[in-house]
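Okay, so the sequence shown: first residue is 35 according to the numbering used here, each after it adds one.
Glycine included, C-beta positions come from ideal geometry on N, C-alpha and C.
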Amino acid sequence: MAILVPDIEEINSLPQKPTEGEIFLMEALCKTLDDQWTVYFQPHLNGLRPDIVIFCEDAGIGIFEVKDWDLDAHRIIKSDDGEYNWQVRDKGIWVNKSKEECPLKQVKKYRDSIFQYEIPILAAKKLLNQKVYSLIKPFVYFHNHTTIDARKRLHLILDSHSNVFGKDSTNPQLLKTILEKCYLRHGSKFTELMKKNGISDRLRNALAYPKHGSTNIQSLLVTFNKKQQNLLTNSPGCRRVFGAAGSGKTLILVHKAVNAAKEGKKVLLLCFNITMANYLRDLVTCLARHYGPHYHRNIEVGHFHRFFPKETAEIDNRSMKEPVDVVLIDEGQDFERSWIEILQQIAAPNYHLMFCEDDRQNIYSKNVNDRGAVLDPILNQSYRIPEQTAILANELSNWSKQEDVSGSVTSMKPVQGNLFVRNIWFNGTKDEVLNAIREDVKNLVQDPNTARPDIAILICNVEDGWQICKVLDEINLPYKQNFESQEENQELDSIYGDNYEEFKKKLDELRRYYKVGFWMQTGKIKVCTIHSFKGWELSNILVFFNPEKEQELAKVPLLYTAITRSQQYLTIYNSDLDLTSFGKFAISQGYVEPHSSQNKS
C-alpha cells in the first residue's frame with residue numbers, strides 16, 4: 035500500500051473539504067500502488083494545487099485532475115479554425131467557459147509547473163531532449179462516468195497522449211494497467227535519469243505537505259524594533275518603505291503575509307528575482323506552519339513574471355483568482371511603476387499594498403522617483419551585516435556620489451559577530467583574477483572551519499561564470515551554478531543558431547530553469563550572478579567584479595549589492611578600471627586589506 039501525504043486525519047481537516055471523487059481515487063491509488071510509491075493529496079505546488087500527485091523514484095510521476103462533474107451539463111464546440119469552446123449549461127443556456135478551466139489544460143499546466151519550477155534541471159534536459167517530457171504523465175479522472183463515456187464526450191479535444199478514465203477503471207488491476215501503459219512502473223526507463231539528477235529529494239521537498247520547511251523557526255521569531263513594528267499592520271492603503279541591506283525588510287514582509295493569512299485574507303508576496311522567490315517561499319512556509327497547518331494556503335509567493343508573464347493583468351497565472359487583500363513587494367527597486375499598477379488591478383477593495391526597496395541596490399537602473407512620496411520611516415539599521423562591511427559599503431556609495439534615499443547603513447550586529455570579519459581587495463587583469471581565485475578557493479576548502487556550502491563566487495555575467503566553473507573543474511571541486519554550461523549554450527546555438535530570436539527565447543527559458551533550481555540547501559560551492567544572489571547571504575563571498583559595458587550605469591549598485599551579501603569573509607577581485615581607484619582608496623583608509631599576493635608591506 036502506498037504512503038499517503040498528508041495523513042487521512044489532516045486531509046479530513048482541510049478547510050475546503052475534498053470531493054467524493056478525490057477521496058475515492060486517492061484510496062484506489064493507495065490500494066493499487068506498493069509502499070515504494072507516495073500519493074500526495076492536494077499538494078501546495080508552487081502556487082498551484084493539483085488534486086493528486088503520485089511519485090516513485092524508480093518509476094516516475096503521475097498527476098491527476100479529478101472531476102465529479104455530470105458531463106451532461108458540459109459540451110465542447112469545435113470551430114472551423116480548429117479551436118474549441120468549452121461550454122457549461124447554466125439555467126438552460128450554454129455558456130462559454132475559459133479554456134483554462136478545461137481539466138486537460140489544468141493537468142498539463144501542473145505538469146509544466148513541475149518541470150519549470152520544481153525540477154528545472156530536467157526542464158533544461160527536456161529543452162534539449164523532448165523524450166524527457168514523458169517522465170511526468172497527466173491524467174484526468176471523471177468520477178461519475180465510465181471511461182468509454184468520458185472519452186466519447188471529450189473526443190474532440192483528445193489525442194493519443196490524453197489519459198482520461200472513469201470510475202469503472204479504478205479497480206486495482208485496471209488502474210495498474212493504465213499506469214503501466216504510461217511507464218509508471220518499477221524499473222522505468224527514466225529511473226537512471228531521476229537518480230542521476232537527484233530528483234527524489236527535490237521533488238519530495240516540493241510536494242511534501244510542509245511542516246516547517248528548511249528554515250529554522252527561531253530565526254523568524256524575532257523582536258522587532260519600533261520602526262519595524264509600525265510596519266507590521268495591514269490596514270487599507272499603500273506604503274512605500276526604503277531600507278538598507280539587512281534592515282529586516284524581507285522579514286517584515288513575511289510576518290505581514292502570515293498575519294494577514296491568519297485573518298483569512300488572500301496574500302500575494304512578490305519579488306523580481308527568480309532565485310529570491312525560493313527564499314521567500316521557504317520563510318513564509320516555515321512561519322505560517324508554526325501558527326497552523328493551513329495558513330500557508332492563503333499566501334502565494336513568486337517572482338512577478340511567474341504570475342504576469344506578459345506584464346498585464348489579463349495574463350494572470352495565480353491559482354487564487356479571487357481579488358487579493360494584501361499585496362507585498364520585496365526588492366521593490368527592481369519593479370516598474372506599471373507593474374505596481376497591474377497589481378492594484380487584481381486587488382480587492384480596501385486592499386493593503388506595501389513595497390520595500392533599497393535604491394542603493396538598484397542594479398537594473400530603474401526610475402525609483404515616479405512612485406510617490408516616502409511617508410514611512412527609513413530602515414537603516416542592519417542586523418546581519420558586520421560593521422566593517424557596512425563601512426565599506428557606505429564608503430563605496432559616498433565615493434560614487436550617487437544620490438539615494440536609503441542612506442547609509444548602520445551595523446547593529448553584536449560585537450562578537452565582528453571578531454572574525456575580513457574584507458580583502460584584489461586589483462588585476464581577468465587572467466590574474468582567475469589565478470588568484472583558483473589559489474584562494476583551494477586554500478579555503480582546506481580550512482577545517484570553512485564548509486564548501488558556505489562559499490559563493492559572484493560574477494557579473496554568465497561568460498565570466500563559465501571561466502569560474504572551468505577553474506573549479508580543474509581543481510575537482512563540485513559546484514552549483516545558476517546558469518547554463520558553456521556546452522549547453524553551444525548545443526542550443528547548434529540547434530537554433532540560424533534563428534536568433536528563437537535561440538534567444540530558448541536561452542532565456544534555459545536560464546530561467548537554472549535560476550528556479552538554484553537553492554542554498556546544497557553541499558556545493560555556489561557560482562551565481564550578482565543579480566540572482568540579491569537577497570541571499572553567506573559567510574564566504576568571493577566577487578569576480580568585471581562588469582560588461584551594458585552595466586556601466588549599474589557598476590556601483592552591483593558592487594554594493596555584492597558587498598552586502600557577506601556575513602564574514604569578503605574578497606573582491608576587481609578587473610574594472612573605474613573601480614581600481616576606489617580599491618586603492620579603500621585600502622589606504624583601512625576599509626579593506628590588500629590581497630596577500632599584492633601586499634607590499
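Around the beta-carbon of P383, fewer than 16 other beta-carbon atoms lie within 10 Å, marking it exposed.
Boundaries of the alpha helix (DSSP H) around P591: K589 to I597. Relative to D610, the option among D92, C494 and L541 whose CA is nearest is C494. Secondary-structure assignment with DSSP links V87 through a beta bridge to Y74 and I97. Ranked by how close their Cα comes to the Cα of L304, the residues A294, C320, V292 and L287 have L287 in first place. The beta carbon of D410 sits closer than 6 Å to those of R273 and V275, all from its chain and outside the five residues before and after it, given in chain order. With fewer than 16 other CB atoms across the displayed protein chains lying within 10 angstroms of its CB, E473 is exposed.
Counting only runs that start and end inside the segment 346-396, the alpha helix (DSSP H) elements of at least 4 residues fall at 371-379.
When the five nearest sequence neighbours on each side are left out, the beta carbons in the same chain lying within less than 8 Å of the beta carbon of Y329 are those of V292, A295, K296, A322 and R323, in order along the chain. Three or more Cβ pairs drawn from the segment 480-492 and the segment 572-579 lie within less than 8 Å of each other, which places the two stretches in contact. Relative to A36, the option among D69, L59 and I45 whose CA is nearest is D69. In the DSSP assignment, A490 falls outside any alpha helix (DSSP H) and lies within the beta strand (DSSP E) extending over I489 to I493. No Cβ-Cβ contact shorter than 8 Å links L209 with A347. In the three-state reduction of the DSSP assignment, R418 falls in the coil class, being assigned neither a helical nor a strand state. Rounded to whole angstroms, the separation of the alpha carbons of L59 and F176 is 10 Å. DSSP places L218 in no alpha helix (DSSP H); its state is neither H nor E.
Close CB contacts of I471 within its chain, under the 8 Å cut and outside five residues either way in sequence, are with I491, I502, V505, L576, F578 and Y607 (chain order). Three or more beta-carbon pairs drawn from the segment 357-371 and the segment 387-396 are found closer than 8 Å, and the two stretches are therefore classed as touching. Taking 8 Å as the cut-off, the Cβ atoms of I597 and L587 do not count as close. Boundaries of the alpha helix (DSSP H) around E536: Y534 to V550. Note on A184: 16 or more other CB atoms within 10 angstroms of its CB, so buried under the neighbour-count rule. Of Q601, Y118 and F567, the smallest CA-CA separation from L592 is found for F567.
Counting along the chain, the unbroken alpha helix (DSSP H) around N523 starts and ends at Q520 to Y530.
With respect to C216, K171 sits close: the two C-beta atoms are nearer than 8 Å.
In the structure shown, G298 falls within a coil segment according to DSSP collapsed to helix, strand and coil.
Judged by DSSP secondary structure, W553 falls outside any beta strand (DSSP E); it is assigned neither H nor E. The beta-bridge partner set that DSSP reports for G336 consists of L304. The C-alpha of H179 lies about 21 Å from the C-alpha of P84.
Residue environment for L613: buried (at least 16 other C-beta atoms within 10 angstroms of its C-beta).
Rounded to the nearest angstrom, the Cβ distance from Y118 to I110 is 5 Å, consistent with a contact under 8 Å. For Q602, the enclosing beta strand (DSSP E) covers residues S600 to N608. If you compare the alpha carbons of R352, A424 and E44 with that of A278, the shortest gap goes to A424.
Using a Cβ distance threshold of 8 Å, R371 and S440 do not count as a contacting pair.
Taking a 10 Å sphere around the C-beta of R545, we find 16 or more other C-beta atoms and assign the residue as buried. Under the three-state reduction of DSSP output, N178 falls in the coil class, being neither helix nor strand. In the structure shown, Y625 falls within a coil segment according to DSSP collapsed to helix, strand and coil.
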